[in-house]
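J.:
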Amino acid sequence: MKRYLLGRLWQSLVTLLLATIVVFLGVRALPGDPALALAGEDRDPESLRAIREQYGLDDSLLVQFWQFVSHAARGDLGSSIRTGESVVSMLSSALPVTIELSALAILVAAVLGVGAGVIAAVRRGRPAEWAANALALLGLSVPNFWLGLMAILYLSVALGLFPASGFVPFFSDPIGNLHHLVLPALILGTGLAAVIMRQTRSSMLDALSADYIRTAEAKGLPPRAVIGRHALRNSLIVVITIVGLQLGALISGAVVTERIFALPGFGKLTVDAVFQRDYPVIQAVVLVTATAYIVINLLVDLLYSVIDPRIRVRGEA
Amino acid sequence: MTGSVLEVKDLSVTFRTEDGPLSAVDRVSLQVTDGEVLAIVGESGCGKSVTAMSLAGLLPRTATVEGSVMLDGVELIGADKRTLRSIRGREVAYIFQEPMTSLNPVFTVGYQISEVLRVHNGLSRQAARKRAVELLKLVGIPSAERRVGDYPHQLSGGMRQRVMIAMAVACDPKVLIADEPTTALDVTIQAGILDVLRALRERLGTSVVLITHDLGVVADLADRVAVMYAGRVVETAEVHELFARPQHPYTAGLLGASPSAGRHAGTHRLNEIPGLVPVLAQQPDACTFADRCPRAIDICTTKQPVLAAGVACWNPEGR
Numbered sequence: 001m002k003r004y005l006l007g008r009l010w011q012s013l014v015t016l017l018l019a020t021i022v023v024f025l026g027v028r029a030l031p032g033d034p035a036l037a038l039a040g041e042d043r044d045p046e047s048l049r050a051i052r053e054q055y056g057l058d059d060s061l062l063v064q065f066w067q068f069v070s071h072a073a074r075g076d077l078g079s080s081i082r083t084g085e086s087v088v089s090m091l092s093s094a095l096p097v098t099i100e101l102s103a104l105a106i107l108v109a110a111v112l113g114v115g116a117g118v119i120a121a122v123r124r125g126r127p128a129e130w131a132a133n134a135l136a137l138l139g140l141s142v143p144n145f146w147l148g149l150m151a152i153l154y155l156s157v158a159l160g161l162f163p164a165s166g167f168v169p170f171f172s173d174p175i176g177n178l179h180h181l182v183l184p185a186l187i188l189g190t191g192l193a194a195v196i197m198r199q200t201r202s203s204m205l206d207a208l209s210a211d212y213i214r215t216a217e218a219k220g221l222p223p224r225a226v227i228g229r230h231a232l233r234n235s236l237i238v239v240i241t242i243v244g245l246q247l248g249a250l251i252s253g254a255v256v257t258e259r260i261f262a263l264p265g266f267g268k269l270t271v272d273a274v275f276q277r278d279y280p281v282i283q284a285v286v287l288v289t290a291t292a293y294i295v296i297n298l299l300v301d302l303l304y305s306v307i308d309p310r311i312r313v314r315g316e317a
Numbered sequence: 318m319t320g321s322v323l324e325v326k327d328l329s330v331t332f333r334t335e336d337g338p339l340s341a342v343d344r345v346s347l348q349v350t351d352g353e354v355l356a357i358v359g360e361s362g363c364g365k366s367v368t369a370m371s372l373a374g375l376l377p378r379t380a381t382v383e384g385s386v387m388l389d390g391v392e393l394i395g396a397d398k399r400t401l402r403s404i405r406g407r408e409v410a411y412i413f414q415e416p417m418t419s420l421n422p423v424f425t426v427g428y429q430i431s432e433v434l435r436v437h438n439g440l441s442r443q444a445a446r447k448r449a450v451e452l453l454k455l456v457g458i459p460s461a462e463r464r465v466g467d468y469p470h471q472l473s474g475g476m477r478q479r480v481m482i483a484m485a486v487a488c489d490p491k492v493l494i495a496d497e498p499t500t501a502l503d504v505t506i507q508a509g510i511l512d513v514l515r516a517l518r519e520r521l522g523t524s525v526v527l528i529t530h531d532l533g534v535v536a537d538l539a540d541r542v543a544v545m546y547a548g549r550v551v552e553t554a555e556v557h558e559l560f561a562r563p564q565h566p567y568t569a570g571l572l573g574a575s576p577s578a579g580r581h582a583g584t585h586r587l588n589e590i591p592g593l594v595p596v597l598a599q600q601p602d603a604c605t606f607a608d609r610c611p612r613a614i615d616i617c618t619t620k621q622p623v624l625a626a627g628v629a630c631w632n633p634e635g636r
């Protein structure tokens, strides 16, 4: 297990380095010049040169890359070209918002998706399954941004149930914080819930026709144990894989959702940075995203072995 | 012999299919007395497994079961789900053919055995685990204390089948239904499993319904035999009687088609029964075996014979 973990960490570092190179070059290949963006009306060549020098933009790519990597390794991601604020502090205020939003969205998606999927499988061919299938199709087809706008229009503006936009930090006002995040989390979670529901339904159907379910029934176990323990535990392996794969979609979904609900999160930070050619911020954002992917994938792999003993990595037993 | 533990009367099973109702079991009657091993033999698709599953209501919803199954005076056909659940695993326990897939891969074998004890006997987690170790010892699993924490994939096929048996006898059931318990195992492993079943029956006095197509297993373990053909019981007899003097032409055919290690081994070609097993749904009122029967007479194709004096045949062997 230890060896496996070390191997995985090494792989992760290589992946991270590759991601960094790609981003670094990608950002610089974008049309637009940060010096021009910064200088604004003042297009004087002298001041442009001063700006380039100040941010190291006149150095060779290799030097710039080395600067970036060596600073990043020490936890210094530079400062925003736009505002001069340190990127680390920008991230530390934006990330918690997005992490909380995503966690809530996954919670919503898992509860709705697994619940509806189990019901659809157990009540196969009956109205409950049709209803669950129809809802899943709807959840998959309706775009997040439209659903978000409708929710704001009807639930926030017309009925006044939830705030339409804004954010309150959890530690200053936990209830207000959740109140602000319920709607975005629901909106962000619906698409994922639909995917999870369909996956849960089909893997539950597989599990329910397995021989070990017949054994469980022959033992005289109540349906709750047969379905909730014996069948569901086996189905969850596939569901977790899907959730892991869908996290990418969740992050891009978060960008849109944060924009709609004006949440000061990672998504907003990303979009603003791209529009302003804020190289250090873009680089940091992508680095964090790549790290998140790698960490989540590792967690998913470790979760497998918790749920399915057959996947337990060699060397542990 | 004491009274019947299990009494099956006129049991019929029909499946709803897209092509209309399909009859799988037709008016089967069986008795199992205390401590007896009754073997149900027949070819694949003759309805023996369906009969076994229907006894404790384990068939899918598409099945309609009629007739009567009395377990120690309690009627099981038409019993409510709660009653059936309390009987399954406690009074009627099953051993299935595929030990590879019949155990849940994500739980330890100890947990799966404990489950039965906890649900029926209300044992605590620790007590159930302790009992699980004893049961594993009972079915001959070495270093049971360690094995109790193993997952099914860590055990061999024979060991898994022993675990299935341990699970089945956990609550000391009155009837053990073993559906092809050795079919999926290597021949060398089979003998071990049969030994376990024989020892349990002697030690616990459990009645066993043994479903098999293997006449060697029948000769080894059974007291009495019911031969099924196309959903009907065509002959019942004491095991020695059946092997020595089969009455139904189908039974005679089965015996002729099975290899024996006797003096003819390897020198005689096995006899096969010509033709195929008919689909029960298409059967008119006739003997189901008439088309393939070497002893068929006129009446066989016009009237269905009933089980009398241990055989359902208009023209049985030895008359």
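In order, the protein sequence lines correspond to chains A and B. Just so we're aligned, residue 1 is where the first sequence starts under this note's numbering, counting upward by one. Just so we're aligned, residue 318 is where the second sequence starts under this note's numbering, counting upward by one. Heads up, the beta-carbon is just placed ideally off N, CA and C, and yes, glycines get one too.
(1) For D211/A, return the contacting residues in chain B, with the cut-off set at a CB-CB distance below 7 Å.
(2) For T289/A, which of helix, strand or coil comes out of DSSP?
(3) Alpha carbon to alpha carbon, how far is P222/A from N421/B? Give it in angstroms, no decimals.
(4) I'd like the list of long-range same chain contacts for Q283/A, defined as Cβ closer than 7 Å, with 5 residues on each side in sequence excluded.
(5) State yes or no: is the C-beta of P576/B nearer than 7 Å to some heavy atom of the ligand PLP?
(6) Comparing the C-beta of E432/B with each C-beta of chain A, is any distance below 8 Å?
(7) If we call anything under 8 Å between Cβ atoms a contact, is L135/A one with A116/A?
(8) Mind checking which residues open and close the alpha helix (DSSP H) that includes T400/B?
(9) Evaluate H180/A with the Cβ neighbour count: other Cβ atoms within 10 Å of its Cβ, from every protein chain shown; 16 or more gives buried, anything less gives exposed.
(10) With DSSP collapsed to three states, give me the class of V22/A.
(11) In the stretch 79 to 124 of chain A, which residue ranges form an unbroken alpha helix (DSSP H) of at least 4 residues, counting only runs that do not cross its ends?
(12) Taking only beta-carbon atoms, is Y567/B less than 8 Å away from chain A?
(13) Using CA coordinates, which residue listed in A356/B, A373/B, R378/B and A341/B is at the minimum distance from G362/B?
(14) With a cut-off of 8 Å, does the C-beta of Y546/B fall near any C-beta of chain A?
(15) Leaving out the 5 sequence neighbours to the left and right, which residues in its chain are closer than 7 Å to G299/B when beta-carbon positions are compared?
(16) When the Cα of G320/B is compared with those of A369/B, D389/B, F332/B and G359/B, which residue comes out closest?
(17) By the 10 Å Cβ neighbour count, where 16 or more other Cβ atoms means buried, how is K491/B classified, buried or exposed?
(18) Identify every run of the beta strand (DSSP E) within the stretch 508 to 572 of chain B, keeping only runs that are complete inside it and at least 3 residues long; order them along the chain.
(19) When the Cα atoms are used, what is the spatial distance from L502/B to L287/A?
(20) Under 8 Å Cβ-Cβ, which residues of chain B neighbour E217/A?
(21) Quick check on this structure: which residue in R277/A, T289/A, L302/A and S235/A has the alpha carbon closest to the alpha carbon of L57/A?
(22) When DSSP builds the beta bridges, which residues end up paired with Y411/B?
(23) Going by DSSP, which residues form a beta bridge with G337/B?
(24) Compute the Euclidean distance between the alpha carbons of D531/B and S203/A, then round it to the nearest angstrom.
(25) Using alpha carbons as the reference points, say which of G265/A, K219/A and V142/A lies closest to S431/B.
(26) Does DSSP put S385/B in a helix, in a strand, or in coil?
(27) Quick check: is the beta carbon of N234/A nearer than 8 Å to any beta carbon in chain B?
(28) Against chain B, with Cβ distances strictly below 8 Å, would D308/A count as a contact?
(29) Take A73/A as the anchor and find which of R82/A, D59/A, S60/A and V88/A has the nearest alpha-carbon.
(30) Tell me, to the nearest whole angstrom, how far the beta carbon of Y304/A is from that of I240/A; I am working on the premise that it is less than 8 Å.
(31) Could you tell me whether the Cβ of P422/B comes closer than 8 Å to any Cβ of chain A?
(32) Measure the C-alpha to C-alpha separation of V456/B and Q443/B and round it to an integer number of angstroms.
(33) What are the boundary residues of the alpha helix (DSSP H) that includes L62/A?
(34) Taking its Cβ as the centre, do 16 or more other Cβ atoms sit within 10 Å of L101/A, making it buried, or is it exposed?
(35) Shorter than 8 Å from the beta carbon of V436/B to some beta carbon of chain A?
(36) For M545/B versus I404/B, is the C-beta spacing smaller than 8 Å?
T.: In terms of the structure at hand:
(1) Chain-order list of chain B residues neighbouring D211/A: F413, E415, T418 and S419, by C-beta distance under 7 Å.
(2) Helix.
(3) Computed Cα separation, rounded: 16 Å.
(4) Around Q283/A: V23, F24, V27 and F68.
(5) For the ligand PLP, the structure offers nothing, since it holds no ligand at all.
(6) So yes, E432/B belongs to the interface.
(7) Yes, the Cβ-Cβ distance between L135/A and A116/A is below 8 Å.
(8) Counting along the chain, the alpha helix (DSSP H) containing T400/B begins and ends at K398 to I404.
(9) Flag for H180/A reads buried.
(10) DSSP places V22/A in helix when its eight states are reduced to three.
(11) Runs found: 87 to 122.
(12) Chain A contact via Cβ: absent.
(13) The option with the nearest alpha carbon to G362/B is A341/B.
(14) No, Y546/B does not count as interfacial toward chain A.
(15) Within the shown structure, residues of chain B are numbered from 318 to 636, placing residue 299/B beyond reach of any answer.
(16) Closest option to G320/B, Cα to Cα, is D389/B.
(17) Counting Cβ neighbours within 10 Å, K491/B comes out buried, since at least 16 surround it.
(18) The stretch 508 to 572 of chain B contains these whole beta strand (DSSP E) runs: 524 to 529, 541 to 546 and 549 to 555.
(19) If I take the Cα positions, the gap works out to 55 Å.
(20) Result: L375 and R405.
(21) The shortest Cα separation from L57/A among R277/A, T289/A, L302/A and S235/A belongs to R277/A.
(22) Its beta-bridge partners are I494/B.
(23) As computed with DSSP, G337/B is found in a beta bridge with T334/B.
(24) Rounded to the nearest whole angstrom, the C-alpha separation of D531/B and S203/A is 36 Å.
(25) The shortest C-alpha separation from S431/B is found at K219/A.
(26) In the structure shown, S385/B sits in a strand (DSSP, three-state: E or B).
(27) Yes - at least one Cβ of chain B is within 8 Å of the one on N234/A.
(28) Yes - at least one Cβ of chain B is within 8 Å of the one on D308/A.
(29) Measuring from the Cα of A73/A, the nearest candidate turns out to be V88/A.
(30) Yes, Y304/A and I240/A are in contact; Cβ-Cβ is about 7 Å, under 8 Å.
(31) With 8 Å as the cut-off, P422/B counts as an interface residue toward chain A.
(32) Looking at the backbone, the Cα of V456/B and that of Q443/B are separated by about 20 Å.
(33) L61 to A73 is the span of the alpha helix (DSSP H), which, as asked, contains L62/A.
(34) When all chains shown are included, L101/A counts as buried.
(35) At least one C-beta of chain A is nearer than 8 Å to the C-beta of V436/B.
(36) Their beta carbons are not under 8 Å apart, which means M545/B does not touch I404/B by this criterion.
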